[in-house]
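Participant: Going by the numbering used here, the residue at position 128 of the sequence shown is 111; the numbering climbs one at a time, nothing skipped.
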Amino acid sequence: MVHTLMKLPFNENALEPYISKETIQYHYDKHHAGYVNKLNSLIENTEYAEMTLEEIIKKSAGNIFNNASQIYNHDFYFKGMSSKENVPSNILSEWIERDFGSMEEFKKHFLQTAVNLFGSGWAWLSIDKKGNLVIEARSNADNPLLDEHIPLLTCDVWEHAYYIVTPEKPKHLPKIGTLEVI
Ligand code: MN
């Protein structure tokens, strides 16, 4: 199957002043599209040609894994952001309080994990195999699916996600939204 670039769920300038239009243009139009094109050319006439993205992630290694996983990770990242303020569902709020003590503690721990990640990678909020929420730092293109975790939220800590300077300094920290998965 041919993999396609997801449609961005917001306008390129919708996240300003936190994430600039230029950053989104580079990140989505150049990097994200690049992973899609690269994967399609790498899997042509291979055993991966008819697999879904998740199947490729679970079965491949090296360059094919890196490009497939980066497509998954970026799809997740862009779908997890919005220009509108969101609140977590009731059940997610309960689980966050159960596993981190409070929303404030969760935010602190999540941001700390992202900031402390050395080099390129991703910070994730996932559900582990025991049903607990976990915050994970994963390097490069690594993916929670490999440990059978269910991902809920991610933050891209690759330099290309933020290296273009935001024209105006944000007045407050961005709100952490939630996904509609639970
Ligand atoms: Mn990225």
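Ideal Cβ placement from N, Cα and C applies to all residues, glycine included. Treat the numbers as computed from the prediction; the structure is a model and nothing was measured.
Among I147, L(-2), V140, whose alpha-carbon lies nearest the alpha-carbon of H57?
Facilitator: V140
Participant: Mind checking who A51 pairs with in its DSSP beta bridge?
Facilitator: According to DSSP, which records beta bridges pairwise, A51 is partnered with nothing at all.
Participant: Answer with buried or exposed for T137, where buried requires no fewer than 16 other C-beta atoms within 10 angstroms of its C-beta.
Facilitator: buried
Participant: A97: beta carbon under 7 Å from a heavy atom of the ligand MN?
Facilitator: no
Participant: Between which two residues does the beta strand (DSSP E) harbouring W107 extend?
Facilitator: 104 to 110
Participant: Tell me the DSSP bridge mates of V117?
Facilitator: S109
Participant: Restricting to Cα atoms, I'd like to know which of E142, S122, V117, I147 is closest to P134.
Facilitator: V117
Participant: Near I147, which residues of its chain fall below 8 Å by C-beta distance, leaving aside the five closest residues on each side in sequence?
Facilitator: For I147, the CB contacts under 8 Å within the same chain, skipping 5 residues up- and downstream, are S3, E5, T6, Y9 in chain order.
Participant: Which residues neighbour the ligand MN when neighbourhood means a C-beta less than 5 Å away from any of its non-hydrogen atoms? List them by chain order.
Facilitator: D139, W141, A144
Participant: Helix, strand or coil for E139 per DSSP?
Facilitator: Checking the sequence, you will find Asp at residue 139 rather than Glu. In the structure shown, D139 sits in a strand (DSSP, three-state: E or B).
Participant: According to DSSP, simplified to helix, strand and coil, what is P127?
Facilitator: helix
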